[in-house]
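Chains as they are written, first to last, in the working numbering: chain W, 139 to 399; chain V, 183 to 528.
The beta-carbon is built from N, C-alpha and C at its ideal position, and this holds for glycine as well.
All values derive from a computational prediction rather than experimental measurement.
Input: a single structure, listed below in structure tokens.
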């Protein structure tokens with residue numbers, strides 16, 4: 139690694155900087171002080187906890203895969219195509235990022251609910267999306283997609299088209315260029331985008347509870363379980379929160395080495 | 183003609199047409215913004231011109247109602263930066279072209295090894311591009327372009343990004359590579375144009391202002407740019423042990439440049455007009471070249487006067503012109519030290 143020389147930052151900047159760090163770390167650390175460590179193992183390995191954790195991991199993995207399948211083509215088109223109508227699309231894709239999750243859930247209901255725009259037709263075919271595990275995956279995908287698209291589009295723009303041009307001049311058809319040059323070159327951006335999407339899916343609450351409900355084993359993911367237990371069994375809620383923090387730390391650890399996020 | 187280029191690009195005010203014979207290398211010269219890169223982009227299919235056509239070996243690549251995609255043109259591009267794919271090894275980089283054109287993995291690697299050997303880079307095969315020097319990377323880039331089996335090679339200032347110490351070696355390599363190839367090379371460097379190209383096309387303001395054989399254009403430039411660009415004395419002839427024999431039998435002594443000419447082969451002597459002294463009476467002694475000439479014209483160039491005599495030029499001061507009483511038609515001697523004359527293989 140090469141060392142970068144710095145011109146130095148004003149010293150007073152350290153005070154608000156440390157304050158910001160403490161603001162983030164303190165609540166999470168406080169969480170650990172609230173735990174009854176004696177009960178911790180049994181709390182996080184209870185049937186309800188393991189079911190919810192398993193469901194969370196499975197749906198998050200599925201929504202990350204769906205984000206990749208849909209988001210990679212979208213990012214490539216946004217970054218490489220010069221078409222004018224793409225401008226508005228680029229802004230619209232960011233919507234889930236700024237909308238309240240509960241609004242996302244209501245929007246999804248309007249589209250895929252039993253009496254929704256598409257849901258009506260799906261219902262006629264015998265497919266019911268709302269309040270199923272599929273709904274969980276759709277809700278998570280909806281809110282996570284912008285993370286992947288923004289991350290990958292940025293990486294594609296930074297990488298530029300120079301390598302693509304050389305590859306084409308060497309006789310590579312557009313699909314070959316995409317597969318052998320464009321995507322391998324943005325692999326770090328793609329990986330961090332996927333990890334971010336996974337993390338966002340794992341923490342998703344508002345859209346899920348609105349669109350998919352909270353049915354144990356089907357739609358009750360870990361955040362939903364924590365919210366349910368918060369009133370009835372505060373100790374269990376805190377223990378599972380810490381579990382989610384641990385998973386999140388692992389996920390961040392996967393992205394951190396790139397320093398990209 | 184192997185390659186016919188005739189393109190108009192309105193918003194860049196480019197209207198250029200020239201032809202390249204099979205096996206011929208043409209240098210595109212011109213100041214920045216003259217349209218060199220635009221022309222190259224049109225040939226490579228990266229830019230659609232407003233009008234005109236590009237025809238390669240009888241196939242219309244760009245033209246009215248006709249458009250061949252860049253990857254189907256077989257016009258390999260060698261740019262200023264080597265642009266080796268950083269995620270592939272050197273061998274995989276060179277194998278990229280053959281793979282893309284349908285060769286199997288083993289066959290493509292076989293071809294890649296052959297081309298790496300051709301450019302003397304066999305020992306680099308397993309390295310990552312990040313671990314190559316600039317010269318090595320450009321050498322590999324040459325192999326990669328050739329491995330794609332292009333019908334025409336497009337070179338965009340291939341040596342501009344290289345160290346002065348590395349450029350001669352790569353120039354030597356490109357000379358060998360381009361000898362029998364159809365190629366278009368964009369360059370700013372007089373030696374590159376002279377040593378790599380058979381013909382030179384000079385662009386200025388998006389128009390062709392001059393074209394012809396490299397030695398002729400560069401030694402007797404008619405366009406303003408070529409005159410500034412070149413302005414060198416270039417004398418063609420046959421190499422001797424320590425000099426060059428001109429067609430009229432006189433010998434010009436000099437020092438061998440890189441690439442050095444082999445005795446008896448075609449060579450060119452290069453020296454600056456400012457290195458030439460003008461004498462009315464031939465001087466004796468010292469290792470100097472004395473060339474008897476007849477003055478054709480006197481051309482003021484700032485504070486010096488360029489004395490033109492046949493294919494040669496000398497820069498002298500205004501007072502020297504007066505002292506010597508120089509005038510067109512006069513018989514004088516051009517004198518240049520052997521150390522000022524560089525000899526190159528042609």
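Interface residues of chain W facing residue i [CB-CB closer than 9 Å]
| i | result |
| --- | --- |
| residue 257 of chain V | 307 |
| residue 289 of chain V | Those do not exist, as residue 289 of chain V stays about 14 Å from chain W at its closest Cβ, beyond 9 Å. |
| residue 295 of chain V | Within 9 Å Cβ-Cβ: nothing; residue 295 of chain V doesn't reach chain W, min ~17 Å. |
| residue 326 of chain V | 304 and 308 |
Listed by chain order, chain V residues near residue i by CB distance under 7 Å
| i | result |
| --- | --- |
| residue 322 of chain W | 269 |
| residue 314 of chain W | 282 |
| residue 319 of chain W | 267 |
Residue i: contacting residues in chain V (beta-carbon distance under 8 Å)
| i | result |
| --- | --- |
| residue 210 of chain W | Residues of chain V passing the Cβ test: none, with the nearest at roughly 17 Å. |
Neighbouring residues, chain V, relative to residue i (Cβ below 9 Å)
| i | result |
| --- | --- |
| residue 311 of chain W | 251, 253, 254 and 282 |
| residue 303 of chain W | 226, 228, 252, 259, 261 and 265 |
| residue 300 of chain W | 261, 263 and 265 |
| residue 385 of chain W | Per Cβ cutoff of 9 Å: no residues; residue 385 of chain W is ~31 Å from chain V at best. |
Burial state of residue i, where buried means 16 or more other Cβ atoms lie within 10 Å
| i | result |
| --- | --- |
| residue 415 of chain V | buried |
| residue 158 of chain W | exposed |
| residue 358 of chain V | exposed |
| residue 139 of chain W | In this prediction, residue 139 of chain W scores a pLDDT of 44, lower than 50, which makes its location untrustworthy; no coordinate-derived value is stated. |
| residue 509 of chain V | exposed |
| residue 174 of chain W | exposed |
| residue 297 of chain V | buried |
| residue 471 of chain V | buried |
| residue 362 of chain V | exposed |
| residue 275 of chain V | buried |
| residue 436 of chain V | buried |
| residue 318 of chain W | buried |
| residue 397 of chain W | Because the pLDDT of residue 397 of chain W is 45, which lies under 50, any placement of that residue in the model is unreliable, and the number read from its coordinates should be weighed accordingly. Looking at its Cβ environment, which holds fewer than 16 other Cβ atoms inside 10 Å, residue 397 of chain W is exposed. |
| residue 253 of chain V | buried |
| residue 399 of chain W | Residue confidence is low: residue 399 of chain W scores 38 on pLDDT, short of 50, so the model does not pin down where it sits. No coordinate-derived value is stated. |
| residue 180 of chain W | exposed |
Interface partners of residue i on chain W, CB under 8 Å
| i | result |
| --- | --- |
| residue 310 of chain V | Those within 8 Å of residue 310 of chain V in chain W number zero; the least Cβ separation is about 13 Å. |
| residue 330 of chain V | 307, 308 and 309 |
| residue 278 of chain V | 305, 308, 310 and 318 |
C-beta contact flag for residue i and residue j at 8 Å
| i | j | result |
| --- | --- | --- |
| residue 231 of chain W | residue 287 of chain W | yes |
| residue 383 of chain V | residue 372 of chain V | no |
| residue 206 of chain W | residue 345 of chain W | no |
| residue 499 of chain V | residue 486 of chain V | yes |
| residue 329 of chain W | residue 315 of chain W | no |
| residue 277 of chain V | residue 256 of chain V | no |
| residue 217 of chain W | residue 338 of chain W | no |
| residue 336 of chain W | residue 361 of chain W | no |
| residue 367 of chain V | residue 379 of chain V | yes |
| residue 266 of chain V | residue 346 of chain V | no |
| residue 302 of chain V | residue 352 of chain V | no |
| residue 216 of chain V | residue 394 of chain V | no |
| residue 495 of chain V | residue 455 of chain V | yes |
| residue 515 of chain V | residue 482 of chain V | no |
| residue 279 of chain W | residue 204 of chain W | yes |
| residue 293 of chain W | residue 324 of chain W | yes |
| residue 201 of chain V | residue 189 of chain V | no |
| residue 308 of chain V | residue 273 of chain V | yes |
| residue 465 of chain V | residue 525 of chain V | no |
Contact with chain B by residue i, beta-carbon distance below 8 Å
| i | result |
| --- | --- |
| residue 317 of chain V | Annotation note: the requested chain B is absent from the structure, which comprises protein chains W and V. |
Among the options, the one whose alpha carbon lies nearest that of residue i
| i | options | result |
| --- | --- | --- |
| residue 270 of chain W | W:354, W:170, W:185 and W:221 | W:354 |
| residue 367 of chain W | W:209, W:225, W:182 and W:321 | W:182 |
| residue 433 of chain V | V:443, V:441 and V:451 | V:451 |
| residue 359 of chain W | W:246, W:219 and W:375 | W:375 |
| residue 439 of chain V | V:466, V:377 and V:364 | V:377 |
| residue 356 of chain W | W:273, W:170, W:259 and W:260 | W:273 |
| residue 275 of chain W | W:334, W:309, W:249 and W:196 | W:196 |
| residue 329 of chain V | V:281, V:381 and V:505 | V:281 |
| residue 187 of chain W | W:387, W:264 and W:380 | W:380 |
| residue 271 of chain V | V:429, V:249 and V:326 | V:326 |
Any non-hydrogen atom of the ligand MN closer than 7 Å to residue i Cβ
| i | result |
| --- | --- |
| residue 223 of chain W | Within the structure as shown, the ligand MN is missing, as the structure has no ligands at all. |
Secondary structure, alpha helix (DSSP H): runs of 4+ residues fully inside the stretch 315–344 of chain V: Entirely contained in the stretch 315–344 of chain V, the alpha helix (DSSP H) runs reaching 4 residues are, in chain order, 316–329.
In chain order, which alpha helix (DSSP H) runs of at least 4 residues are fully inside the stretch 411–445 of chain V? Runs found: none.
Return the chain-ordered ranges of every alpha helix (DSSP H) run that is complete within the stretch 355–387 of chain V and spans a minimum of 4 residues. Runs found: 372–378.
Just to confirm the assignment: which complete alpha helix (DSSP H) runs, minimum length 4, are found wholly within the stretch 307–343 of chain W? Entirely contained in the stretch 307–343 of chain W, the alpha helix (DSSP H) runs reaching 4 residues are, in chain order, 312–315 and 325–341.
Fully enclosed by the stretch 158–233 of chain W, which alpha helix (DSSP H) runs are 4 residues long or longer? Unbroken alpha helix (DSSP H) runs of no fewer than 4 residues, entirely contained in the stretch 158–233 of chain W, are found at 178–182, 185–218 and 224–231, following chain order.
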